[in-house]
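Shown next, in structure tokens, is the structure this report addresses.
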Amino acid sequence: DVRIIGATNTDLPQLCKEGKFKEDLLDRLSFEVLFLPPLRKREEDIMLLANFFASKMALECGKSDMPRFSPQVVEHLKEYSWPGNVRELKNVVERAVYRSDSPTIEEVQFDPFSNPYSPEPPETRIPDKELDLARYEQAREELELSYLRSSLEKGKGNQKEAAKLLNLTYDQFRGLYRKYKDQL
Numbered sequence: 009d010v011r012i013i014g015a016t017n018t019d020l021p022q023l024c025k026e027g028k029f030k031e032d033l034l035d036r037l038s039f040e041v042l043f044l045p046p047l048r049k050r051e052e053d054i055m056l057l058a059n060f061f062a063s064k065m066a067l068e069c070g071k072s073d074m075p076r077f078s079p080q081v082v083e084h085l086k087e088y089s090w091p092g093n094v095r096e097l098k099n100v101v102e103r104a105v106y107r108s109d110s111p112t113i114e115e116v117q118f119d120p121f122s123n124p125y126s127p128e129p130p131e132t133r134i135p136d137k138e139l140d141l142a143r144y145e146q147a148r149e150e151l152e153l154s155y156l157r158s159s160l161e162k163g164k165g166n167q168k169e170a171a172k173l174l175n176l177t178y179d180q181f182r183g184l185y186r187k188y189k190d191q192l
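Numbering (this note's numbering), first residue to last: 9 to 192.
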């Protein structure tokens, strides 16, 4: 006897209608179907699951003390939106247990790809106090003109090539070109 437990965030009946999933397989898998709300809507389950994953990972790593979460980490775990659902929670907790030298987990990293050595990106937002709304039209025109000049230069004067470089239709490009032709 074999029992299969599976989870998905896709609409399998819809995929069957589109021919992207086999109906006979769906029938075989559909003995019992459960629908669970996303983890962000089940706050009471977050720490239950986190403690389970932490204990399991501690055993796998050969750690003698069962991990505990600091109050600050508990707060972070409960406040996070969990877009990756339970799988993301499992990864975050396992990573924290693996990295921790102490039985008390003081820190969790939600984004495993954040590079602590990369320089901070420069502030790209213009502070409100410096924003001159009266200059909007002029700034937009300067930007359009700059893009037109650059695309024509890279396209060696070929307007169709310049339009492609800007991801515009030829008609859209011609409209901008006519608007600024005296300034080009």
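By construction, the Cβ of each residue, glycine as well, lies at the ideal position given by its N, Cα and C atoms.
Fully enclosed by the region 66-145, which alpha helix (DSSP H) runs are 4 residues long or longer?
Those alpha helix (DSSP H) runs which fall completely within the region 66-145 and span 4+ residues are 79-87, 93-107.
Taking the alpha-carbon of Trp90 as reference, which of Asp73, Lys49, Glu114, Gln80 has the nearest alpha-carbon?
Lys49
Less than 6 Å between C-beta atoms, sequence neighbours within five positions excluded: which residues of the same chain meet that for Val105?
Closer than 6 Å at the Cβ level, and outside the excluded window around Val105, lie Ala62, Met65, Ala66, Pro75.
Skipping 5 residues on each side, what residues in its chain have a beta carbon closer than 8 Å to that of Tyr155?
Leu174
For Leu22, report the span of its alpha helix (DSSP H) as first-last.
Here residue 22 is Gln; the residue named in the question, Leu, does not match the sequence. It spans 20-25 - the alpha helix (DSSP H) in which Gln22 sits, taken as one unbroken run.
Start and end residues, alpha helix (DSSP H) containing Gln167
167-173
Suppose you measure from the CA of Asp4 to the CA of Lys25; what does that come to, to the nearest Å?
Outside the shown range of the chain (9 to 192) lies residue 4, about which nothing can therefore be said.
Do Val116 and Leu85 have their C-beta atoms within less than 8 Å of each other?
yes
When burial is assigned at 16 or more other CB atoms within 10 Å of the CB, is Val100 buried or exposed?
Here Val100 is buried. Its C-beta has 16 or more other C-beta atoms within 10 Å.
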